[in-house]
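Numbering (the numbering used here), first residue to last: 28 to 82.
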């Protein structure tokens, strides 16, 4: 994945994360939230080494 693709994916995941936060705390899907946070973390670490967008 290049830098641009990772940034798009991060935006999508952050949107999903904010949807989960809209739900009352005791009704949130903790497993889904944890999985999203892990994927965001993984993508952020990939972002540092990712090549720039190819034209």
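For each residue, glycine too, the CB sits at the ideal point set by N, CA and C.
Where the alpha helix (DSSP H) containing residue 54 begins and where it ends: For the purposes of this step, residue 54 is taken as residue 27 along the chain shown, with counting starting at 1. Note, residue 54: premise wrong, no alpha helix (DSSP H); not H, not E.
Note down the Cα distance separating residue 66 from residue 53, rounded to an integer number of angstroms. Position 39 of the chain shown, counting from 1, holds the residue named residue 66. Position 26 of the chain shown, counting from 1, holds the residue named residue 53. About 23 Å.
Who are the near neighbours of residue 43 in its chain, counting only those whose CB is closer than 7 Å to its CB and skipping five residues on each side? Stepping through the chain shown from its first residue, residue 43 is reached at position 16. Answer for residue 43: 63, listed in chain order.
Can you give the Cα-Cα distance for residue 61 and residue 36, rounded to whole angstroms? Within the chain shown, numbered from 1, the residue matching residue 61 stands at position 34. Within the chain shown, numbered from 1, the residue matching residue 36 stands at position 9. Using only the alpha carbons, I get a separation of about 16 Å.
Assuming the contact rule is C-beta atoms closer than 8 Å, residue 29 and residue 77 should be a hit. Round their C-beta distance to whole Å, please. The residue given as residue 29 occupies position 2 in the chain shown. The residue given as residue 77 occupies position 50 in the chain shown. The Cβ separation is near 6 Å, so the contact holds.
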